[in-house]
Amino acid sequence: MISIHKRLTFLITGTLLLCLLLMASMNFFYVHEESSELLDGELRQLAISVSPFMYSEDNYEVNNAAHLQEESDFLIQVWKADHLIYSSHPKILIPLLDEGYGNVLWQGEDLRYYHRVYKDRVIQVAQSTEERRDFEYDIFRNIMLTIVLMFPVIVMLVRVVIGHGLRPLRILSRKVEERDAQNLAPIDINDAPKEVLPVIQSLNQLLKRLENSLILQRQFTADAAHELRTPLSAIKLNLDMLCRAENENERKAIESSLEDGVDRAINLAQSLLLLARHETDALSVDMEQVDMVAITGQVIENLKVLAGDKGQQVSYKKPEGKKVYINAQHHNISVMVENLFQNSILYTPANGHIEVEVAVSKTNVVLLIADDGPGIKPEERSRVFDRFYRCQGTKQQGSGLGLSIIKNIVEYYQGTIVIEDGLGGKGSSFVVTFPVSTVIP
Amino acid sequence: MKILLAEDDAMIGEALQKALKKSGYSVDWIQDGSDVELAVETTEYALVILDLGLPGKDGVEVLKSLRARENDISVLILTARDSIADRVSGLDVGADDYMVKPFALEELEARIRLLLRRKAGQKINELKVGDLALNLNTNEITYGDKHYTLSAKEFGLMHLLMEQPKNIYSRARLEESLYGWNEEVESNAVEVHIHQIRKKLGKNIIRNTRNVGYQIGIET
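Here you go:
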């Protein structure tokens, strides 16, 4: 789990630490430069302020140490011609050196000196280089100490500041947490920072889609429950009547109605299952090339016997010898054609006519199933595709789901379905149009 | 007692019509909501059993327009819509009772009896005229201290006559209330039923006024 808070704290304090170290090393360089200049200046100042005529062993205390001890411990020599006439440290015997600044070794110890000529005298002032360096280190050490002491404070401050900066994200996450099936209200974008705006907008779109599908789901469940009640009521009613039946004939009649009711409930359950399965199947199975001419012929071949039973005449007109492919899934297209054809057989009275035709143009393939049955009133034609809608006065015990399943399938494969007048001004014809993928002549 | 059944589902309508007929009611069954008003205005019904999800005109709309015309016929809503909101709106627009499918036939019948009784202003399930007592639950009639069981049509006939003992009902009126629209009625059907009743309870139980009609024969 990545925490933005931890990550930012780590990155920012890391960057800060790096900068501080860089600053420190630059400081070290500057401190060295500046303190050298400062200490050289001091040397020179001292050489200038020494009057070469004033000094004698009588006036000044003489230091007998063999080394210069501290930073403020200066060796002062006064020379006349080649003679050393005065030395503050008689035991440190550096020779007469070049004029100006320079370094000289005395018993393994490096000394920084300044050589000044004044009239016939020479003043040489020297200082221990190591002591000078200690002075630099002291300054540098203090800088480093400050950094080290400040670092935890910086880390803490960074943490707090980042925490504050991430507040909008925390608020957003709390708002998202509050959302569930009962509360899918969009998240307010007014007080959101612009960096998370795209996130909130996508979230709101997701919430909207979720809500829509939930509404559909609930509507469907309510419709399904409502529809299941009807056959169940019929079954219950007939069962109640069965108890009251007085003779065998009456009992037989009720039993037959009872069976119809149970069949109807089974039918409805199957249709519901088909609908649910189509919706999940369609997503999980790959598209394939489906030959509309062959599949229609197959369905007619399989179901012709049903039409024959009712004395109905079925004709099938197809583009001879052609294969017309659409991009779809074989099983679903087969279910769709089967349902349409079955409907036609069911609603067309005995000895009626059913005409099936597959026609192909450059871009589309059209499946037409027409009959001379009772037809569907123009004002009902758009509503028959609604789930559970059943035409007025219909005697057939359908679930009211068949056409809704068909439409679902057709639209899933970018097709359209409309109802037009049927044969000879009677009945109805279902016209299904799909975009064609390939035609093999 | 004549009942109008407005139910679009063929299976339920058919079964319910059969069941109620067996219990002594005559039932007219229609499937389209827009036919209800015409039926109620042209025929005298004791009760309407109304489905809500009717094609043509929704049950609630039908009931609204009935009540708007000040028609106070008893209406029992029988529907698959079971939400509280549906029940409340059904009762609010003027239904006398509300039942949800699936239902038990016995309960439906009990509620029908209750509504009919309420309409007649009775509290108990018995109709009394003098020594004559008709049990509305069991189709039994008591005359003096003897019990008789009546057939469905006989019961319907006695129920009508005993409810308004002062009224004289014409043969056509009795026929209309005993039979539904599409039932085949023998021309002397009413006379046959009256004959059966007289055979059980005695000749004087129903009085016949020639060319006017029939009336209960017992003084109240």
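Going down the list, the sequences are from chains A and B.
For the first sequence, the numbering used here begins at 1 and goes up steadily by one.
For the second sequence, the numbering used here begins at 1001 and goes up steadily by one.
C-beta: ideal position from N, C-alpha, C; glycine also.
Which residue marks the beginning of the beta strand (DSSP E) containing Leu96 (chain A), and which one marks its end? In the first sequence, residue 96 (chain A) corresponds to position 96, counting from 1. Premise fails: Leu96 (chain A) is in no beta strand (DSSP E) and is neither H nor E.
Below 8 Å, how does it come out for the region 1179-1194 of chain B and the region 1018-1031 of chain B: are there three or more Cβ pairs, yes or no? yes
Assuming Ala1015 (chain B) contacts Ala234 (chain A) under a Cβ cut-off of 8 Å, what Cβ separation, rounded to an integer in Å, is found between them? As a first step, residue 1015 (chain B) is located in the second sequence; it is residue number 15 there, counting from the start. As a first step, residue 234 (chain A) is located in the first sequence; it is residue number 234 there, counting from the start. Contact check for Ala1015 (chain B) and Ala234 (chain A): beta-carbon distance about 6 Å, within the 8 Å limit, so the pair qualifies.
Using 9 Å as the limit for Cβ to Cβ distance, is Pro231 (chain A) near chain B? Within the first sequence, residue 231 (chain A) is the residue found at index 231, counting from 1. Chain B has a Cβ within less than 9 Å of the Cβ of Pro231 (chain A).
So what does DSSP say about Val1192 (chain B), is it helix, strand or coil? Along the second sequence, one-based indexing puts residue 1192 (chain B) at 192. When secondary structure is reduced to three states using DSSP, Val1192 (chain B) falls in the helix class.
Please specify which runs of the beta strand (DSSP E), each continuous and at least 3 residues long, are wholly inside the region 1137-1179 of chain B, giving them in chain order. If only complete runs of 3 or more residues are kept, the region 1137-1179 of chain B shows the beta strand (DSSP E) at 1140-1143 and 1146-1149, in order along the chain.
Please list the partners that Leu1050 (chain B) has in chain A, where partner means a Cβ-to-Cβ separation under 9 Å. Taking the second sequence and counting its residues from 1, the one referred to as residue 1050 (chain B) is at position 50. None at all; the shortest Cβ gap to chain A is about 15 Å.
Could you run through the region 1001-1022 of chain B and flag, in chain order, every residue whose CB is less than 9 Å away from some CB of chain A? Asp1008, Asp1009, Ala1010, Met1011, Ile1012, Glu1014, Ala1015, Leu1016, Lys1018, Ala1019 and Lys1022
Any beta carbon from chain B within less than 9 Å of Arg244 (chain A)'s own beta carbon? As a first step, residue 244 (chain A) must be located in the first sequence, where it is residue number 244. At least one chain B Cβ lies under 9 Å of Arg244 (chain A).
Of the residues A:Leu272, A:Gln201, A:Ser271 and A:Pro319, the one placed nearest Asp291 (chain A), counting alpha carbons only: The residue you call residue 291 (chain A) lines up with position 291 of the first sequence. Each of A:Leu272, A:Gln201, A:Ser271 and A:Pro319 was checked against the Cα of Asp291 (chain A), and the nearest Cα belongs to A:Pro319.
Output, in chain order, the set of chain B residues within a Cβ distance shorter than 8 Å of Ala234 (chain A). Counted from its first residue, the first sequence places residue 234 (chain A) at position 234. Here the neighbours are Asp1009, Met1011, Ile1012 and Ala1015.
Listed by chain order, chain A residues near Glu1101 (chain B) by CB distance under 8 Å: On the second sequence, residue 1101 (chain B) is found 101 positions in, with the first residue counted as 1. Checking the sequence, you will find Lys at residue 1101 (chain B) rather than Glu. Correct list: Arg229, Thr230, Leu232 and Ser233.
Per-residue burial, Pro52 (chain A) [other beta carbons within 10 Å of its own, 16 or more giving buried]: The residue labelled residue 52 (chain A) in the question sits at position 52 within the first sequence. So Pro52 (chain A) counts as buried.
Tell me the DSSP secondary structure of Lys1002 (chain B) in three-state form. Locating residue 1002 (chain B) in the second sequence gives position 2, counting from the first residue. It is a strand residue.
What's the C-alpha gap between Arg167 (chain A) and Ile139 (chain A)? Residue mapping note: residue 167 (chain A) aligns to position 167 of the first sequence, counting from 1. Residue mapping note: residue 139 (chain A) aligns to position 139 of the first sequence, counting from 1. Whole-angstrom Cα-Cα distance: 42 Å.
Within the 9 Å Cβ cut-off, does Ala1080 (chain B) reach chain A? Within the second sequence, residue 1080 (chain B) is the residue found at index 80, counting from 1. With 9 Å as the cut-off, Ala1080 (chain B) counts as an interface residue toward chain A.
Could you work out which residues of chain C lie near Ala1104 (chain B), taking near to mean beta carbons separated by less than 8 Å? In the structure shown, chain C cannot be found, because the protein chains are A and B.
Would you say Arg381 (chain A) faces chain B, with C-beta separation under 9 Å as the test? In the first sequence, residue 381 (chain A) corresponds to position 381, counting from 1. Arg381 (chain A) does not count as touching chain B.
Between which two residues does the beta strand (DSSP E) holding Leu1127 (chain B) run? Taking the second sequence and counting its residues from 1, one reaches residue 1127 (chain B) at position 127. Its beta strand (DSSP E) spans residues Glu1126 to Val1129.
Suppose contacts are defined by Cβ-Cβ distances below 9 Å. Is Leu1066 (chain B) in contact with Val1040 (chain B) by that definition? Counting from one through the second sequence, the residue named residue 1066 (chain B) turns up at place 66. Counting from one through the second sequence, the residue named residue 1040 (chain B) turns up at place 40. It is a contact, given that the beta carbons lie within the stated cut-off.
Find out if the Cβ-Cβ distance for the pair Ser429 (chain A), Asp371 (chain A) is shorter than 9 Å. As a first step, residue 429 (chain A) must be located in the first sequence, where it is residue number 429. As a first step, residue 371 (chain A) must be located in the first sequence, where it is residue number 371. Cβ atoms of Ser429 (chain A) and Asp371 (chain A): closer than 9 Å.
Shortest alpha-carbon distance to Ile1218 (chain B) belongs to which of B:Ser1074, B:Asn1135 and B:Met1162? For the purposes of this step, residue 1218 (chain B) is taken as the residue at position 218 of the second sequence. The candidate whose alpha carbon is nearest that of Ile1218 (chain B) is B:Met1162.
List the whole-angstrom C-beta distance separating Tyr325 (chain A) from Gln289 (chain A), where the pair is believed to meet the contact cut-off of C-beta under 8 Å. Numbered from 1 along the first sequence, position 325 holds the residue referred to as residue 325 (chain A). Numbered from 1 along the first sequence, position 289 holds the residue referred to as residue 289 (chain A). Rounded, the Cβ-Cβ distance is 4 Å, consistent with contact.
Please tell me whether Arg251 (chain A) has its Cβ less than 9 Å away from any Cβ of chain B. On the first sequence, residue 251 (chain A) is found 251 positions in, with the first residue counted as 1. Answer no: the Cβ-Cβ gap between Arg251 (chain A) and chain B never drops below 9 Å.
Quick check on this structure: which residue in B:Glu1107, B:Leu1052, B:His1193 and B:Glu1044 has the alpha carbon closest to the alpha carbon of Ala1095 (chain B)? The residue you call residue 1095 (chain B) lines up with position 95 of the second sequence. Measuring from the Cα of Ala1095 (chain B), the nearest candidate turns out to be B:Leu1052.
What are the start and end residues of the alpha helix (DSSP H) that includes Ser1083 (chain B)? The residue given as residue 1083 (chain B) occupies position 83 in the second sequence. Careful: Ser1083 (chain B) lies outside any alpha helix (DSSP H) and carries neither H nor E.
Let's test the definition: count the other Cβ atoms within 10 Å of the Cβ of Thr221 (chain A) and tell me whether it reaches 16, buried, or not, exposed. The count along the first sequence starts at 1 and reaches residue 221 (chain A) at position 221. Classification of Thr221 (chain A): exposed, given that the 10 Å Cβ count is below 16.
Excluding the 5 residues preceding and the 5 following Lys407 (chain A) in the sequence, name in chain order all residues of the same chain whose CB lies nearer than 6 Å to its CB. Counting from 1 along the first sequence, the entry for residue 407 (chain A) is found at position 407. Counting only residues of its own chain and dropping the five nearest sequence neighbours on each side, Lys407 (chain A) has a CB closer than 6 Å to the CB of Phe385 and Ile417.
Among A:Arg44, A:Asp260, A:Thr13 and A:Gln45, nearest to Ser152 (chain A) - alpha-carbon criterion: Your numbering for residue 152 (chain A) matches position 152 in the first sequence. Sequence inspection shows Pro at residue 152 (chain A); the Ser mentioned does not correspond to that position. For the residues A:Arg44, A:Asp260, A:Thr13 and A:Gln45, the minimum Cα distance to Pro152 (chain A) belongs to A:Thr13.
Closest by C-alpha distance to Glu355 (chain A), when choosing among A:Lys362, A:Tyr30 and A:Gln342: Counted from its first residue, the first sequence places residue 355 (chain A) at position 355. It is A:Gln342 whose Cα lies nearest to the Cα of Glu355 (chain A).
Distance between Val1190 (chain B) and Val1027 (chain B) (C-alpha atoms, nearest Å): Within the second sequence, numbered from 1, the residue matching residue 1027 (chain B) stands at position 27. Within the second sequence, numbered from 1, the residue matching residue 1190 (chain B) stands at position 190. So the alpha carbons of these two residues sit roughly 17 Å apart.
Let me know the secondary structure DSSP gives Arg218 (chain A) once reduced to three states. As a position in the first sequence, residue 218 (chain A) is number 218, starting the count at 1. Arg218 (chain A): helix per DSSP, three-state reduction.
Tell me the rounded alpha-carbon separation between Leu1134 (chain B) and Asp1032 (chain B). As a working note, residue 1134 (chain B) is residue 134 in the second sequence. As a working note, residue 1032 (chain B) is residue 32 in the second sequence. Distance between the alpha carbons of Leu1134 (chain B) and Asp1032 (chain B): 35 Å.
Contact under 9 Å by Cβ, Val1062 (chain B) with Glu1037 (chain B): Walking along the second sequence from the start, residue 1062 (chain B) turns up at place 62. Walking along the second sequence from the start, residue 1037 (chain B) turns up at place 37. Yes; because the gap between Cβ atoms is below 9 Å, this pair is in contact.
Any idea if Ala1080 (chain B) is buried or exposed, counting beta-carbon neighbours within 10 angstroms, 16 or more meaning buried? Taking the first residue of the second sequence as position 1, residue 1080 (chain B) is located at position 80. Buried: at least 16 other Cβ atoms inside 10 Å.
Using CA atoms only, rank isn't needed, just tell me which of A:Lys322, A:Pro90, A:Gln45 and A:Leu21 is closest to Ile143 (chain A). Reading the first sequence from its first residue, position 143 is the one you call residue 143 (chain A). Checking every option, the nearest Cα to that of Ile143 (chain A) belongs to A:Leu21.
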